[in-house]
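J.: Protein sequence lines, in the order shown, are assigned to chains A and B.
First residue of the first sequence? That's 1 in UniProt numbering, and the numbers climb one at a time after it.
First residue of the second sequence? That's 1 in UniProt numbering, and the numbers climb one at a time after it.
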Amino acid sequence: MPYLDHAATTPMLPEAIAAMTAHLGVVGNASSLHAAGRRARRVVEESRESLAESLGARPSEIVLTGGGTESDNLAVKGLYWARRGADPARTRVLCSPVEHHAVLDAVHWLAEHEGADVEYLPVDPLGRVHPEALRAAIERDPSSVALVTVMWANNEVGTVQPVRELAAVAAEFGIPMHADAVQALGQVPVSFAESGLTALTVTGHKIGGPFGIGALLLTRGATPVPLLHGGGQERDVRSGTLDAPAAAGFAAAAAVAVEHREEHAVLLGGLRDELVAGVLAAVPDAVLNGDPAAGGRLPANAHFSFPGCEGDALLMLLDAAGIECSTGSACSAGVPQPSHVLLAMGVDPLLARSALRFSLGHTSVREDVTALTDAIGPAVQRARNAGLASVRR
Amino acid sequence: MTDFPGAPTTPSTGRLRVLAAMSGGVDSAVAAARAVEAGHEVTGVHLALSANPQSFRTGARGCCTIEDSRDAWRAADVIGIPFYVWDLAERFREDVIDDFVAEYAAGRTPNPCLRCNEKIKFAALLDKAIALGFDAVCTGHYARIVDLPDGSRELHRAVDGAKDQSYVLGVLDADQLAHSLFPLGDTTKDAIRAEAEQRGLAVAKKPDSHDICFIADGDTQGFLARHLGTATGDILDVDGTKLGEHDGAYGFTIGQRKGLRIGRPAADGKPRYVLDISPVNNTVTVGPVEGLDVVGLTAIRPRWCGTEPLVDGRYTAQLRAHGEEVPVTAAVVDGELRVRLDTPARGIAPGQAVVLYDGTRVVGSATIATTERPALQA
Numbered sequence: 001m002p003y004l005d006h007a008a009t010t011p012m013l014p015e016a017i018a019a020m021t022a023h024l025g026v027v028g029n030a031s032s033l034h035a036a037g038r039r040a041r042r043v044v045e046e047s048r049e050s051l052a053e054s055l056g057a058r059p060s061e062i063v064l065t066g067g068g069t070e071s072d073n074l075a076v077k078g079l080y081w082a083r084r085g086a087d088p089a090r091t092r093v094l095c096s097p098v099e100h101h102a103v104l105d106a107v108h109w110l111a112e113h114e115g116a117d118v119e120y121l122p123v124d125p126l127g128r129v130h131p132e133a134l135r136a137a138i139e140r141d142p143s144s145v146a147l148v149t150v151m152w153a154n155n156e157v158g159t160v161q162p163v164r165e166l167a168a169v170a171a172e173f174g175i176p177m178h179a180d181a182v183q184a185l186g187q188v189p190v191s192f193a194e195s196g197l198t199a200l201t202v203t204g205h206k207i208g209g210p211f212g213i214g215a216l217l218l219t220r221g222a223t224p225v226p227l228l229h230g231g232g233q234e235r236d237v238r239s240g241t242l243d244a245p246a247a248a249g250f251a252a253a254a255a256v257a258v259e260h261r262e263e264h265a266v267l268l269g270g271l272r273d274e275l276v277a278g279v280l281a282a283v284p285d286a287v288l289n290g291d292p293a294a295g296g297r298l299p300a301n302a303h304f305s306f307p308g309c310e311g312d313a314l315l316m317l318l319d320a321a322g323i324e325c326s327t328g329s330a331c332s333a334g335v336p337q338p339s340h341v342l343l344a345m346g347v348d349p350l351l352a353r354s355a356l357r358f359s360l361g362h363t364s365v366r367e368d369v370t371a372l373t374d375a376i377g378p379a380v381q382r383a384r385n386a387g388l389a390s391v392r393r
Numbered sequence: 001m002t003d004f005p006g007a008p009t010t011p012s013t014g015r016l017r018v019l020a021a022m023s024g025g026v027d028s029a030v031a032a033a034r035a036v037e038a039g040h041e042v043t044g045v046h047l048a049l050s051a052n053p054q055s056f057r058t059g060a061r062g063c064c065t066i067e068d069s070r071d072a073w074r075a076a077d078v079i080g081i082p083f084y085v086w087d088l089a090e091r092f093r094e095d096v097i098d099d100f101v102a103e104y105a106a107g108r109t110p111n112p113c114l115r116c117n118e119k120i121k122f123a124a125l126l127d128k129a130i131a132l133g134f135d136a137v138c139t140g141h142y143a144r145i146v147d148l149p150d151g152s153r154e155l156h157r158a159v160d161g162a163k164d165q166s167y168v169l170g171v172l173d174a175d176q177l178a179h180s181l182f183p184l185g186d187t188t189k190d191a192i193r194a195e196a197e198q199r200g201l202a203v204a205k206k207p208d209s210h211d212i213c214f215i216a217d218g219d220t221q222g223f224l225a226r227h228l229g230t231a232t233g234d235i236l237d238v239d240g241t242k243l244g245e246h247d248g249a250y251g252f253t254i255g256q257r258k259g260l261r262i263g264r265p266a267a268d269g270k271p272r273y274v275l276d277i278s279p280v281n282n283t284v285t286v287g288p289v290e291g292l293d294v295v296g297l298t299a300i301r302p303r304w305c306g307t308e309p310l311v312d313g314r315y316t317a318q319l320r321a322h323g324e325e326v327p328v329t330a331a332v333v334d335g336e337l338r339v340r341l342d343t344p345a346r347g348i349a350p351g352q353a354v355v356l357y358d359g360t361r362v363v364g365s366a367t368i369a370t371t372e373r374p375a376l377q378a
């Protein structure tokens, strides 16, 4: 079954399964003082050290969480509350309009319930935020900015943001910046120390680790107000009993993903280029969304609009042909919505509804790509007929 | 999976690619399961018909909530078929809700379920399904399709008379019928619930939905008031005497007795009923029950169910949803259906459908335009 939806989740790596299962049958709460507790704590702390090494961070900068959504919420809400608490004038949140919903909806919530003034930074037609745009937004009133949040790489169209440059601008003004690197990790170099960021989100299951665990990397000076209160684990920022087996699996996956990142990127980038060429050959009027240049885009990402099609109809036809992919955008009650990312990039709403994402990963092979390039032409033809049928009276 | 002898009504054409419309209720879930068991290649689809779905159902009312969508999804998973949600909210608003409001505004009493079958389930949905390569749409309606040796099809009442839904399917023409699958028509509702239980479908005990799905609180008058506003008008007696006032003529239905807000009783002490609604001058006419007696009617836009158009003659007619069947003589004159009732019937309002039957066979459906009421003419 050609699986072209690794950006949704990717199979667990054998190394991660081995590391995780080694601890599943062992008792121990990492907060306990006895031998079992010490054993569990050792697993957690070794995992933290390993993660720190993989991510270019110090162990103390790693706050383990329940996943990417929690990390994003903790960063956005926690830093907002902390900054506004210290200075009530700091209510501006500068945010890219192409963020994942875990950031976007958290920011919306702050605007609706916590008096945040949200400003969306402009993006170019590739979905990229330019450092000058951030500078201009900050300079309108630097003293009112609570935080900046711009993702490292986009989950739909794969556009990589100039995170270091953006973080440098924010740092000039002493403003904390958060980046969601859930999609970036394992595909492009991600080093927390070199990024200049205050906070960075990563998660396990997108890199071959387990579900339900992620991390928020936080510089030591950053003290977000917690979302979860309780036992005071994780620097008092994230209470909750630590999941030692998941931490071990996550750390193992991160180590493999980072170690093999470069060869992986070359391999997947090559396959992705074949995929793009094949799709465009089969459907000449398909539009590749995002940055066409390899350097500006995640190597495993391809994202197209298919004029005249509804993305969900195309998805169904490909599913029936055994090919698993995604529209890449969020659903509301199961109803696909036109992608906010594409709309922010200036794509026509009808064209935005016709989009599909194909994403590769560590199990991808050439046969997956040829299965798609064989199937896409007839599927698009059929979906176009259906698109016409649904406007006919 | 358990075998249910004789359960599915399968067409003679063998394995089909079937799109099962799944509301999240028990009927459509079992219908989809039966279609799978009949050997078809089935894909489940939940229709999102509301632009702003509620999170949960309130009681037995309404549908199309997020909970219903999840129930349908879970049922599809249990049955083992792919499942998608299709957004037909815009078409539904245009073709069903706007039409519903416009019909009331014109003083008529529409049947939105019938309209939905005609314009959404067996039109917009069916067209899209066919274009995507499906052969048929399957629903949980209680009605039977009978395949004739010559390849044509007939629509018949379901064996469960209490649940029969052939009235709201009478608008289907031969082509729509050729692409329809109603696997529940030969079974009673009780048996369907038991079967759902046996199949491990969690919706087995879910209450039936009633009323109009897009009016979640069941308050049709309030819904119409929101869409049409309020406009004070007169309530008149048959001789034109003003008896009271109302907030908008559209809020009334012919045959309605309650909620008339008339201060004084009738001279003869008998209850009064809504006899006529005139949206043009915003008046509602009330009078004695005899004024409701209809002996004949004219209906427009006839649609013949199956291949045979109506042959003038003797039929039975159903004049509203869940209404009784009455013997009639019917004829087509200038493209309109003329129906004469053997004995007068009450509670018949323009806008409703008249569905003609020949035994259990549905002959066709038309929209009632005018009624003949001797007591009013007298």
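In this text, a Cβ means the ideal position worked out from N, Cα and C, and glycines have one as well.
As the structure is a prediction and not an experimental result, all values here were calculated from the model.
1) Are the C-beta atoms of Ala375 of chain A and some chain B residue less than 8 Å apart?
2) In three-state DSSP terms, what is Pro302 of chain B?
3) Counting C-beta neighbours from all protein chains within 10 Å, is the total for Thr58 of chain B 16 or more, i.e. buried, or is it exposed?
4) Under the three-state reduction of DSSP, which class applies to Val225 of chain A: helix, strand or coil?
5) Based on Cα-Cα distance, which residue from B:Gly140, B:Ala266, B:Leu341 lies nearest to Asp27 of chain B?
6) Which one of A:Thr21, A:Gln337, A:His205 has the shortest CA to CA distance from His362 of chain A?
7) Are the beta-carbon atoms of Ala244 of chain A and Val44 of chain A separated by less than 8 Å?
8) Could you tell me which of A:Ala246, A:Glu234, A:Ala167, A:Ser191 sits nearest to Arg261 of chain A, measuring between CA atoms?
9) Would Val203 of chain B count as contacting chain A if we go by Cβ distances under 8 Å?
10) Mapping DSSP to helix, strand and coil, what is Asn154 of chain A?
11) With DSSP as the reference, identify every bridge partner of Glu245 of chain B, one or two as the case may be.
12) Quick one: using the 10 Å Cβ neighbour count with 16 as the cut-off for buried, is Ser144 of chain A buried or exposed?
13) Roughly how many angstroms lie between the CA atoms of Ala123 of chain B and His322 of chain B, to the nearest whole one?
14) Report all residues from its chain with a CB closer than 7 Å to the CB of Ala375 of chain A; omit the five preceding and five following residues, and keep chain order.
15) Hey, how far is the Cα of Pro210 of chain A from the Cα of Thr223 of chain A?
16) Can you pull the chain A neighbours of Gly133 of chain B, defined as C-beta to C-beta under 7 Å?
17) In chain order, what residues of the same chain have a beta carbon less than 7 Å from the beta carbon of Val380 of chain A, not counting five sequence neighbours either side?
18) In chain order, what residues of the same chain have a beta carbon less than 7 Å from the beta carbon of Leu114 of chain B, not counting five sequence neighbours either side?
19) So, Leu337 of chain B versus Pro302 of chain B, is the Cβ gap smaller than 8 Å?
20) So what does DSSP say about Tyr3 of chain A, is it helix, strand or coil?
21) Have a look at the DSSP bridge pairing and note the partners of Thr367 of chain B.
22) Got a sec? Which residues, its chain only, sit under 7 Å from Arg74 of chain B by beta carbon, not counting five neighbours each side?
23) Classify Asp219 of chain B as buried or exposed, calling it buried when 16 or more other Cβ atoms lie within 10 Å of its own Cβ.
24) Taking Leu114 of chain B as part of the alpha helix (DSSP H), name the residues at either end of that continuous run.
25) Using a threshold of 8 Å, state whether the C-beta atoms of Leu319 of chain B and Glu372 of chain B are closer than that.
26) Is the beta carbon of Asn301 of chain A sitting closer than 8 Å to the one on Gly127 of chain A?
27) Between which two residues does the alpha helix (DSSP H) harbouring Ala102 of chain B extend?
28) Looking at the structure shown, is Tyr142 of chain B part of a helix, part of a strand, or coil, going by DSSP?
29) Taking just the CA atoms, how far does Cys213 of chain B sit from Met316 of chain A?
30) Find the nearest neighbour of Ala293 of chain A within the set A:Val276, A:Asp285, A:Ala281, judged by alpha-carbon distance.
31) Under a CB-based cut-off of 8 Å, is Gly62 of chain B close to chain A?
32) Out of A:Ser326, A:Leu280, A:Arg48, which one is the CA nearest neighbour of Thr370 of chain A?
33) Chain A beta carbons: is any one of them nearer than 8 Å to that of Val137 of chain B?
34) Note down, in chain order, each residue of its chain lying with its Cβ closer than 7 Å to the Cβ of Val123 of chain A, except the 5 sequence neighbours on either side.
35) What in chain A is Cβ-close to Pro82 of chain B, meaning under 9 Å?
36) Who pairs with Cys95 of chain A in a beta bridge, going by DSSP?
T.: From the atom records:
1) no
2) strand
3) For Thr58 of chain B, the pLDDT reaches just 48, beneath the cut-off of 50, and the residue's location in the model is therefore unreliable, although a value from the coordinates is still provided. Its Cβ having fewer than 16 others within 10 Å, Thr58 of chain B is exposed.
4) coil
5) B:Gly140
6) Here the closest residue by C-alpha is A:His205.
7) yes
8) Considering only A:Ala246, A:Glu234, A:Ala167, A:Ser191, the residue with the shortest C-alpha distance to Arg261 of chain A is A:Ser191.
9) Cβ-Cβ to chain A under 8 Å: no for Val203 of chain B.
10) coil
11) B:Asp234
12) exposed
13) 24 Å
14) Leu318, Ala321, Ile323
15) 27 Å
16) Arg382
17) Val283, Phe306, Cys309, Leu314
18) Val168, Val171, Ala353
19) yes
20) Looking at Tyr3 of chain A - three-state DSSP - the assignment turns out to be strand.
21) B:Ile300, B:Ala353
22) Ala202
23) exposed
24) 112-116
25) no
26) No, the pair does not count as a contact, with Cβ atoms beyond the cut-off.
27) Bounds of the alpha helix (DSSP H) holding Ala102 of chain B are 98-105.
28) Three-state DSSP puts Tyr142 of chain B in coil, outside helix and strand.
29) Straight across, the Cα-Cα distance linking Met316 of chain A with Cys213 of chain B is about 27 Å.
30) Nearest option by C-alpha distance: A:Val276.
31) Model confidence at Gly62 of chain B stands at a pLDDT of 47, short of 50, so the residue's coordinates are unreliable; what they give is reported in the following sentence. Answer no: the Cβ-Cβ gap between Gly62 of chain B and chain A never drops below 8 Å.
32) A:Leu280
33) So no, Val137 of chain B is outside the interface.
34) Ser96, Pro97, Val98, Val129, Ala344, Met345
35) Met316, Asp319, Ala320, listed in chain order.
36) According to DSSP, which records beta bridges pairwise, Cys95 of chain A is partnered with A:Tyr120, A:Thr149.
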